[in-house]
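Going left to right, the sequence shown walks through residues 3 to 210 as my numbering numbers them.
We put the beta carbon where it would ideally sit given N, CA and C, even for glycine.
Working notes, beginning with the structure itself.
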Amino acid sequence: MKEKEILSIFNDRYDRIGSADREEIHSKGFWHETFHCWIAFRDQGRDMVYFQLRSMGKRDFPGLLDITAAGHLLDHEEVSDGIREVYEELGLALTFEELNPLGALKEELIDGPLIDREWTNVFLLEQHVPFEAFHLQEEEVVGIFAAGLDDVESLIKGGKDSIPVDGFRIRKGKKEYISSKVAWEAFVPHESSYMLQVIDRIRDRLRE
3 MKEKEILSIF NDRYDRIGSA DREEIHSKGF WHETFHCWIA FRDQGRDMVY FQLRSMGKRD
63 FPGLLDITAA GHLLDHEEVS DGIREVYEEL GLALTFEELN PLGALKEELI DGPLIDREWT
123 NVFLLEQHVP FEAFHLQEEE VVGIFAAGLD DVESLIKGGK DSIPVDGFRI RKGKKEYISS
183 KVAWEAFVPH ESSYMLQVID RIRDRLRE
C-alpha cells in the first residue's frame with residue numbers, strides 16, 4: 003500500500019496552520035505548498051518556455067501540457083527540497099542555487115471533486131536545455147515542448163486561437179520530434195492570473 007503524502011496546511015496569508023494527507027487537502031480545498039520550476043531561454047531575440055506533456059496515466063489532466071516541472075512539498079520539507087522534482091520528472095541534475103526565484107504566488111484550480119488551492123513557490127532555470135538532455139520519468143511525463151512566451155500570453159488573453167510548439171514525445175521508448183499547433187485546451191487549465199504573472203516575471207528575468 004502506498005504511503006500517504008502528508009502536506010502542510012496554510013491560510014490565505016501563507017501562515018502554517020496544520021497538516022493533512024494529500025487526498026483530504028484536495029477534497030476539502032485546503033491551501034498547501036508546491037514547487038514550480040519553469041525552464042526558459044532567449045533564442046535569437048525570442049523568449050521561449052518549455053512545457054512538459056503529462057502522461058496519459060496521470061489521474062489529473064492526463065495528456066495536457068503543463069509547468070516544466072512541479073510537485074508538492076511534504077510537511078517536513080523546505081522549499082529547496084523541491085529541486086528533486088526536476089530530476090525525478092525530467093532527468094536534469096540541477097542544484098537549487100542554479101534557479102532564480104520568481105516569488106510565491108497563490109493559485110486555485112477546481113476541476114470536479116479536485117479543489118487544488120496552492121501557494122506556489124515559483125522558480126526559473128534560465129537555460130537553453132537541448133531536447134536530447136531530457137530523460138523523462140514516463141509514468142509522469144512523456145514529452146517536452148517549447149513555445150514562444152509572447153505566443154502563450156496571446157493565447158491566454160484570447161488574441162490567438164492556437165500557437166506553434168516544437169518538441170518531442172516518447173513513443174515506444176524513443177523520442178519522436180514534433181512541430182505542431184495547439185489551442186489553450188491542450189494545456190492544464192491553470193488560472194490566467196497565475197500564468198500571466200509567471201510570464202511577466204520570466205520575461206523580466208530573461209531580458210535583464
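Determine whether the Cβ of Asp-206 lies closer than 7 Å to any Cβ atom of chain B.
Of the chains in the structure shown, none is chain B; there is only one protein chain.
Assign His-38 to one of three DSSP states: helix, strand, or coil.
Reduced to three states, the DSSP call for His-38 is strand.
Measuring alpha carbon to alpha carbon, tell me which of Asp-152, Ala-71, Met-197 and Lys-183 ends up nearest His-137.
His-137 has its Cα closest to that of Ala-71, out of Asp-152, Ala-71, Met-197 and Lys-183.
Do you know how far the Cα of Ala-148 is from the Cα of Gly-47?
Rounded to the nearest angstrom, the two C-alpha atoms are 15 Å apart.
May I ask whether a heavy atom of the ligand COA can be found less than 6 Å away from the beta carbon of Val-154?
The ligand COA is not part of the structure shown, which contains no ligands of any sort.
Are the region 54-67 and the region 36-43 touching, with three or more C-beta to C-beta distances below 8 Å?
The region 54-67 is not in contact with the region 36-43.
In terms of alpha-carbon separation, which member of Tyr-196, Asp-206 and Leu-126 lies closest to Pro-103?
Ranking the options by Cα distance to Pro-103, first place goes to Leu-126.
Phe-98 by DSSP, collapsed to three states: which one?
Residue state, collapsed to three classes: helix.
For Val-144, which of helix, strand or coil comes out of DSSP?
Of the three classes helix, strand and coil, the one that applies to Val-144 here is strand, per DSSP.
Rounded to whole angstroms, what is the Cα-Cα separation between Gly-114 and Ser-10?
Their Cα atoms are separated by approximately 23 Å.
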